[in-house]
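In what follows, a single structure is set out as structure tokens and then discussed.
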Amino acid sequence: MTEKKYCKNIGELNRMPTEPRQKNNVQIGTSIPESAAIILMNRADESGISVSAKARELILSGLGVVE
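Last residue of the sequence shown: 67 (UniProt numbering), numbering continuous.
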């Protein structure tokens, strides 16, 4: 049986995010390898290192991620 979490008051309900939260352009709740790959690719972009579309596709497909 799954446990359901309810808001304690209306203020808490108002603070709940309506869209998935993100940190470092990675959606909260993604797997650690997936998050790490996305963060590394983003940092490479920020550093001016080009990561080709094919390389991104291979990295993400190796992790079982479909964009």
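We put the beta carbon where it would ideally sit given N, CA and C, even for glycine.
In this chain, the alpha helix (DSSP H) harbouring G62 covers A53 to G62. With a 10 Å radius around the Cβ and a threshold of 16 neighbouring Cβ atoms, A37 comes out buried. The alpha-carbon separation between G62 and S52 amounts to approximately 15 Å.
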